[in-house]
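Visitor:
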Amino acid sequence: MPLAIRACRSLCSWHRTRTELDGLPVLACRGCGSQWIRSEPWTPIDHTGRIPDDVRAELRARDEGARG
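Residue 1 is where the sequence shown starts when you use full-length UniProt numbering, and the numbers rise one by one after that.
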């Protein structure tokens, strides 16, 4: 399943979903429906410009896996 990628509508609010892709949790934007997994080369931010806690947790897991 390819990830959904849609244009931002300045309503971004990223959260973990119940879906996985290649064993990784899928996070989705409640504003536009775009999706992200930690192997993607970009980092989602909320409409406030802040990196959401769910995204930060996935970035930490990615970093720990790279070191491990």
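The beta carbon of each residue, even a glycine, is placed where N, CA and C say it ideally should be.
I need the boundaries of the beta strand (DSSP E) containing ARG16, first residue and last residue.
Guide: 14-21
Visitor: Report yes if the C-beta distance between GLU20 and ARG38 is below 8 Å; otherwise report no.
Guide: No Cβ-Cβ contact shorter than 8 Å links GLU20 with ARG38.
Visitor: Please confirm whether any heavy atom of the ligand ATP lies closer than 7 Å to the CB of ALA61.
Guide: Judged by which ligands are present, the structure shown has none, so any question about the ligand ATP falls away.
Visitor: Using a 10 Å radius around the Cβ and a threshold of 16 neighbouring Cβ atoms, would you call TRP42 buried or exposed?
Guide: Counting every other CB atom within 10 Å of its CB across the protein chains shown gives TRP42 a total below 16, marking it as exposed.
Visitor: Around the Cβ of CYS29, are there at least 16 other Cβ atoms within 10 angstroms (buried) or fewer (exposed)?
Guide: buried
Visitor: Roughly how many angstroms separate the alpha carbons of CYS32 and ARG56, rounded to a whole number?
Guide: 20 Å
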